[in-house]
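There are 2 protein chains.
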Amino acid sequence: MSRKSIFSELDYIFHPNSVAIIGASDKPGKMGRIFMDRFVETGFQQLHAVNPHETEIMGVKSYATLGDIPHSVDLAIVLTPTDSALQAVTDCAAKGVRTIVITTSGFAETDAKGRQLQEEMVRVARSAGCRIIGPNCVGVYCPSSRLPFPLGPGMEIGSVGLVSQSGFFADYVTYRATANGIAFSKAISCGNEADLTATDFLEYLGEDPHTEVIVAYMEGAKDGRRLFSVCKEISKRKPIILWKGGITEDGARAAVSHTGAMAGSRAIWEGALKQAGVVSVGSFDEVLECLHLFRLQPLPKGKRVGIVSAPGGAAVATTDVCLQLGLDIPHFSDRTKERLRHAMPPVGGSINNPVDLSFASLANPRIHGDAVRILAEGNDVDMILLIAVARGELLCDIVQEATAGLEAAKPLAVALMAGTDESIGRDFPLLLSNGISVYSDPSKAAKALSRLWEYARFRTAAEDVRPPERKMAAARAFSDQVIANALRKGQTVLSEHESKEVLKAYGIPVTKERVARNEREFAEAIGDIGFPLVVKGVGSSLTHKTERGLVYLDVRNEKEAWAVFEELMDKLKGKGPAVLVQEMVRGSRELMVGVSRDGQFGPCVVYGLGGVFAEILRDTTFRVAPVDRQEALDMINDIRARGMLTPFRGMEAANLDQLADILIRVAAIGLDHEEIKEIDINPLMLSHATFLAVDALIVLSCASQA
Amino acid sequence: MSRKSIFSELDYIFHPNSVAIIGASDKPGKMGRIFMDRFVETGFQQLHAVNPHETEIMGVKSYATLGDIPHSVDLAIVLTPTDSALQAVTDCAAKGVRTIVITTSGFAETDAKGRQLQEEMVRVARSAGCRIIGPNCVGVYCPSSRLPFPLGPGMEIGSVGLVSQSGFFADYVTYRATANGIAFSKAISCGNEADLTATDFLEYLGEDPHTEVIVAYMEGAKDGRRLFSVCKEISKRKPIILWKGGITEDGARAAVSHTGAMAGSRAIWEGALKQAGVVSVGSFDEVLECLHLFRLQPLPKGKRVGIVSAPGGAAVATTDVCLQLGLDIPHFSDRTKERLRHAMPPVGGSINNPVDLSFASLANPRIHGDAVRILAEGNDVDMILLIAVARGELLCDIVQEATAGLEAAKPLAVALMAGTDESIGRDFPLLLSNGISVYSDPSKAAKALSRLWEYARFRTAAEDVRPPERKMAAARAFSDQVIANALRKGQTVLSEHESKEVLKAYGIPVTKERVARNEREFAEAIGDIGFPLVVKGVGSSLTHKTERGLVYLDVRNEKEAWAVFEELMDKLKGKGPAVLVQEMVRGSRELMVGVSRDGQFGPCVVYGLGGVFAEILRDTTFRVAPVDRQEALDMINDIRARGMLTPFRGMEAANLDQLADILIRVAAIGLDHEEIKEIDINPLMLSHATFLAVDALIVLSCASQA
């Protein structure tokens, strides 16, 4: 891209020389007081208060209006009520303030009037070259510039960047994490995104050399496709730990009232985030648990976990959890077992994986470290999970001794199973600030390790150079024609036969079939296709043909065929009757492939279990189009019914390459034709190891006809 | 039952007048020292040490042998090495010790020699009327008797009872929970269960008037069926929060080495625990999270949750979680909204569910309490989830003021979103000991509430008097005959036709069908059943008939029928050829029903999605036989594909009562016939709103032939 990098475009926001707080106050509990307190605590130098009724607040000079400040102002924080926010923005524009943070709520997230007011503020700001963050947010946090958030100063400089559509999330996560020794580069709460969006700041943090790990909370995106590509690009270099709020219908209802963002469907978000290499989480605790690992540990080279546990019961339970998460708990090599045997107590315990240190570890806690070191040095596992019964300081020593001077770094997660809530509350910050990834429960450690592995796998796959899929220009021209014809005739869907003509043009295998409008054509079709065959009523308005009794399967001979023909022609009388004569495909493995044009992400490919009950069984997965071969293979592996494609009860293994190819081509159709709203191939039948589109429907977008 | 109640049988174990510690020590880190320390700390009066090398340990008189103690000993704790444990037991038997706790490991959980030694100890103890707890355990904790566990004294007396096959679980959970103000009645670590088992102690705690909530960790049960009935009976009166470890194959591997218990299959355990009303959890944290709620809150009357949140983002996310857990987030009545409007700040926020208190709640935290009180007083919700930003003491006041004097009690869970790990570590014990169920994350609070609701629902259902299902004596006699004939002929399975004869006798609808051994019989069968029909090869040794090409579907006329007959007779030549002529059942809804005789739980019923891919789609659920009508309906509702039984694309709704009836009857067959190892009805086809067993197989247990 030729445009200026977003980093150089937005970086000034985080380094203001002077800040004005509009609506500053000294009344306890008021936001104006909270912000003043924080800025005074951080010792920010060029701070100005604006309040018409005061001349000094918390020792800072206060001005009646912004215009009265005799210096330039880089960043203004607007804390005034909703109805005076526009005036504040107008003042900022007049003063030449570069960035305006509007914390006030009651705008687009509330009602139409609020939305209008919000748009007016943006218009005023933009005309003066100012940028707006918010409204309905807590603004910008940057310890290297001494810019605080409301909950606490926390001015340690670190490498975690955060962006959030929820102000509380931004504020609380930075506050709690900082107290645990996890320091941030920058954090942004962008609220209603009237001007600058979460995606803008994600892109910024992706380019920011001071940010190594990104945390995000999002409820929706105005441009899902851009969010998707930004995330996918960043994930190749640094991890994004993202919590998508508002995923269920009712959650989305709350989300609309919260930030005014539109939430996409849950399944599409899940697929898009996975495809972009994003680490998805679903709670505050999970955000922190991922941070503990991603910030401190190297990426694993594989998914083999070695478990070292003092308590035997916890070893059992943690093995369960790891295996359920798809991690491996391999057997150890003889050499490793021999080394463990020497290090372990003589009685009880186990030198298998999980290593059970037994009660003897209570008497000799250093044995934890010996076992970890043996696994770290050997080549049996890629990650280590230590379930420790020692308390804080001792545990720091044990882990640091065990891992000191090791060349091949492996991620290590430690579950601390000693002490009370209170002592654990003290031990956590101690361990984390000593570089030890610590958890209150081994199952959480296992979950974090599995996410680290998922991310490592994405990174490895992203390194592969993938050949671009060839363009299908002829197919595009042909199907443009089919669609144009249909639109001219006022169709909102392509008929089954027209739909298959489009699929066929793109190289997707379809059933052999012919349309017959009269007896002569029917006789020809029979001769051409051969028995057994399927006869269906045909027409663009004929959907749900089975329920309407317009489908005759397994027609075995001339006699049956002509009886069916007469029945169908009779049923279709007066509708320009025609029948579709198709080869009868036998197979019991039915899949579905399709495209759905999403409001946020554009054309998305769907793949899953097919057949009549596809909607009820809901075993599907989505990806944003286009998909490459690896992504298509990931989709195939995503569904619960994946075992259906293996050799099974005398059925052959499916050709997965052919299936991946079909997914890639279907995605291309969706991308090539904006007029297509939906493609639905169901069933895509696996017959004798090969795939065939047996029924298909393409729905056209009514919008594009207007 | 006429036998003595298990409570009066085992209660003495928890009230010993005198205790001897065999293997007492003063060396730091030794278990002998740890136990001495704890008993001295609790101030237990009649304590004796046994150690041949000391005369006094920690101020307690020490004897060379147990026999030297000049008093009677009620409870002995054996801490000696594995090879001297038998001698210790022999000494206890001679001394007339009533209960022997053996903490030592290296017995049945290690090898055959250890198992032999363990059995010998039991023999010696039983011959003298002593009971053994362990080996490989930490014994018995009872604060009212001042009996401690190794981690800490924690002598507060409470109402939680705990039993565990893992010593660490028992020790750590009591220790951490006690530090949070959750006190226990008794806790038992029963290790290898050489004599007394976890099930014994569960039954004991069920009868114990001092125990109101039970917590358990189990890896397996020697008698699953007894465990099941004990749990089911207890759950009608008090909740059991149970963690089943060793659920995956590798977890089970570790479990075998840990306690020597046999782990049953995961799916059967899940079904059995659900059926018994047990609250299943899967991690240490979940155990504590459930305890926080079950110990303190009343049972809810329904599943409607009202969410009150200061942070808007958290409200969105928590709504997601609740809905995914199957809870309802209802809209409020006008009256409730009106009351909330008066209590709420003028700007931002929402008086819908979730209630968003907005940033104003930071300035006025008491607003949390107003909203909670309004929801507690109204009739809009059954449970309340408060996401609070206030710290410990203030939050205590707010919640207590809000709920004081309320008549209709509703469960309230509080997510504390304020402070650091360290301050939260202090606030948790404070809130819990003030009767407030507190969580570090709202998603955990939601999960605990959903479990409380699941349990409340079980309790309500358990109150219904259920009519006993009538006995099927004639069916039993008939099928005894069929099975006996088959066994006499050396069959290990019943043929499809024989299997269906058994099903039919029990009133399960099967396809109309006849066996034909020659042309005359075949002609008769055709005439009797009518076209279209299905023709299959028949014989007890013929399983997987489809793969062997022995099934001809949709045979439409005489000509096709006779061609098929000849082909089949030819294929089956020399095997006493016969064919099965069946009505052709059309339907696309295929289910499966069966029985599996489990090593731990005996005959279990399985129900799920059927068809060729049943094993791959694995959408099944299990229950222990017998099942009553409510349990059968629960099973039907358990599977993901349940929507398949609703009216769908022109298909009728299924008759769920008929389906429940089939499940009840299949369970009865499994219970009536010990010789039956497996019953497999697949597909059970739904054809025109009614169910029909289309294919069936009964596998006989080879063991019963021996």
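Residue numbers (our numbering), protein chains in the order written: chain A, 1 to 706; chain B, 707 to 1412.
Virtual Cβ for every residue (Gly too), placed ideally from N, Cα, C.
From a predicted model like this one, the values you see are computed outputs, not experimental measurements.
Subject >> Length of the line joining the Cα atoms of Asp906(B) and Ile712(B) >> reply: 8 Å
Original post:
Listed from N- to C-terminal order along the chain, which residues in the segment 307-334 of chain A have their beta-carbon within a distance smaller than 8 Å of any beta-carbon of chain D?
Top reply: Looking at the structure shown, chain D is missing, and the protein chains on hand are A and B.
**OP:** Could you tell me which residues DSSP pairs with Thr178(A) in its beta bridges?
**Re:** Its beta-bridge partners do not exist; DSSP assigns none.
**OP:** Write down the C-beta distance between Pro654(B) and Glu422(A) rounded to the nearest angstrom, noting that I regard them as a contact closer than 8 Å.
**Re:** Any answer about residue 654(B) is impossible in this case: the structure gives chain B only from 707 up to 1412.
Subject >> Among Glu747(B), Leu772(B) and Thr771(B), the one whose alpha carbon lies nearest that of Met764(B) >> reply: Glu747(B)
Original post:
Touch check for the segment 520-530 of chain A and the segment 1334-1342 of chain B: three-plus C-beta pairs under 8 Å?
Top reply: no
Original post:
Between the Cα of Gly1243(B) and the Cα atoms of Pro1215(B), Gly812(B) and Gln1288(B), which residue gives the shortest distance?
Top reply: Gln1288(B)
Original post:
Beta-carbon separation of Gln474(A) and Gln630(A) under 7 Å?
Top reply: First, the amino acid is wrong: residue 474(A) is Ala here, not Gln. It is not a contact, given that the beta carbons lie outside the stated cut-off.
**OP:** Establish whether the CB of Tyr847(B) and some CB of chain A are separated by less than 7 Å.
**Re:** no
Subject >> Pick from His1379(B), Glu1381(B), Leu1398(B) and Leu1377(B) that is closest to Ile1387(B), judged by C-alpha positions >> reply: Leu1398(B)
Subject >> C-alpha gap between Val1416(B) and Gln324(A), whole angstroms >> reply: In the structure as shown, chain B starts at 707 and stops at 1412, and residue 1416(B) therefore has no counterpart that could be examined.
Original post:
Looking only at its own chain, which residues have a Cβ that is under 6 Å from the Cβ of Leu202(A), when we skip the five neighbours before and after it?
Top reply: Val163 and Val230
**OP:** Quick one: residues in its chain with C-beta nearer than 7 Å to the C-beta of Ala614(A), no 5 flanking neighbours on either side, listed in chain order?
**Re:** Met592, Gly608 and Asn682
Subject >> Spatial distance of Ile783(B) from Cys843(B) (CA atoms) >> reply: 10 Å
Subject >> Nearest residue (CA-CA) to Gly1012(B), options Ser1056(B), Asp991(B), Cys836(B) and Glu976(B) >> reply: Ser1056(B)
**OP:** Would you check if the distance between the CB atom of Ile387(A) and the CB atom of Ala317(A) is smaller than 7 Å?
**Re:** no
Subject >> Within 7 Å, strictly: CB atoms of Phe1307(B) and Ala978(B) >> reply: yes
Original post:
Among residues of its own chain, excluding the 5 on either side of His777(B), which ones have a beta-carbon nearer than 8 Å to its beta-carbon?
Top reply: Ser724, Gln752 and His754
**OP:** For Gln118(A), count neighbouring Cβ atoms within 10 angstroms of its own Cβ and tell me buried if that reaches 16, exposed if not.
**Re:** buried
Subject >> Near-chain A residues of the segment 864-894 of chain B - C-beta to any C-beta below 8 Å >> reply: Ser870, Gln871, Ser872, Gly873, Phe874, Phe875, Tyr878, Tyr881, Arg882, Ala885 and Asn886
**OP:** Could you confirm whether any beta carbon from chain A is found closer than 7 Å to the beta carbon of Ala831(B)?
**Re:** no
**OP:** Assign Ile268(A) to one of two classes, buried (16 or more other C-beta atoms within 10 Å of its C-beta) or exposed (fewer than that).
**Re:** buried
**OP:** Taking C-beta pairs closer than 9 Å, name the residues in chain B that Gly362(A) reaches, listed in chain order.
**Re:** Residue identity check: residue 362(A) is Leu in the sequence provided, not Gly. Ordered by position in chain B, the residues that pass the 9 Å Cβ test against Leu362(A) are Gly735, Met737, Ile740 and Pro856.
Original post:
Nearest-angstrom Cα distance between His258(A) and Lys1153(B)?
Top reply: The pLDDT assigned to His258(A) is 45, lower than 50, so where the model puts this residue is not dependable, and the model offers no usable value.
Original post:
Which value, in whole angstroms, describes the spacing of the CA atoms of Leu580(A) and Val535(A)?
Top reply: 6 Å
**OP:** Starting from the Cα of Leu1390(B), find the closest Cα among Val1400(B), Ile1382(B), Glu1381(B) and Ala814(B) and give me that residue.
**Re:** Val1400(B)
**OP:** Examine chain B for any beta-carbon lying closer than 7 Å to the beta-carbon of Ile424(A), and answer yes or no.
**Re:** yes
Original post:
Are the segment 174-194 of chain A and the segment 1107-1126 of chain B touching by the rule of at least three beta carbon pairs closer than 8 Å?
Top reply: yes
**OP:** Note down, in chain order, all residues in the segment 1303-1325 of chain B with a beta-carbon under 7 Å from any beta-carbon belonging to chain A.
**Re:** Val1318, Phe1319, Ile1322 and Leu1323
Original post:
Is the CB of Asp1147(B) under 7 Å away from at least one CB in chain A?
Top reply: yes
Original post:
Looking at the C-beta of Glu1194(B), does it have a partner C-beta in chain A at a distance below 7 Å?
Top reply: According to the sequence provided, residue 1194(B) is Arg. The question's Glu does not apply to it. No - not a single Cβ of chain A is within 7 Å of the one on Arg1194(B).
Original post:
Does DSSP put Pro722(B) in a helix, a strand or coil?
Top reply: coil
**OP:** Ignore the nearest five residues each way along the sequence and tell me which others in Thr771(B)'s own chain have a CB closer than 8 Å to its CB.
**Re:** Val756, Pro758 and Asp797
**OP:** Run the CB neighbour count on Glu1044(B), radius 10 Å, all protein chains shown included, and call it buried at 16 or more, exposed below.
**Re:** exposed
**OP:** Count the CB pairs spanning the segment 563-572 of chain A and the segment 647-664 of chain A that are closer than 8 Å, and state whether there are at least three.
**Re:** no
Subject >> Arg131(A) versus Thr1326(B): straight-line alpha-carbon distance, rounded >> reply: 56 Å
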